[in-house]
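Structure first, then comments.
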Amino acid sequence: MNERHTFDSVHPQSTSHLIMKRSIPVVPVLIGPQIPRHEREETHERYCRALLTLFVPWRSVQDLCALNET
Numbered sequence: 127m128n129e130r131h132t133f134d135s136v137h138p139q140s141t142s143h144l145i146m147k148r149s150i151p152v153v154p155v156l157i158g159p160q161i162p163r164h165e166r167e168e169t170h171e172r173y174c175r176a177l178l179t180l181f182v183p184w185r186s187v188q189d190l191c192a193l194n195e196t
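Each position in the sequence shown, counted from 1, maps to that position plus 126 in this note's numbering.
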């Protein structure tokens, strides 16, 4: 059975929705603007933000790195 996780209690959908972890890995197919290029300095930050949004579950900056890291 797939893992099930609830939203934080402060989330507006915490009483009606949950998150299920997929049992098999999938890669999303994006429709719309492309992910910015990582090798260009002017788009590198947008590239990182896009990948974090797609592939890393997080709720706050502390989930991604320590407060003294950049």
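Using N, Cα and C, we set each Cβ at its ideal position, and we do this for glycine too.
Nearest-angstrom Cα separation, counted from residue j out to residue i
i, j, result
"Glu-129", "Lys-147", "5 Å"
"Thr-141", "Val-152", "27 Å"
"Gln-188", "His-164", "23 Å"
Member of the options whose CA lies at the smallest distance from the CA of residue i
i, options, result
"Tyr-173", "Val-136, Gln-160, Ser-149 and Pro-151", "Gln-160"
"Asp-134", "Pro-162, Leu-177 and Ser-186", "Ser-186"
"His-131", "Pro-138, Leu-144, Ile-150 and His-137", "Leu-144"
DSSP beta-bridge partners of residue i
i, result
"Arg-130", "Met-146"
Cβ pair residue i, residue j closer than 9 Å
i, j, result
"Leu-193", "Leu-178", "no"
"Leu-180", "Pro-162", "no"
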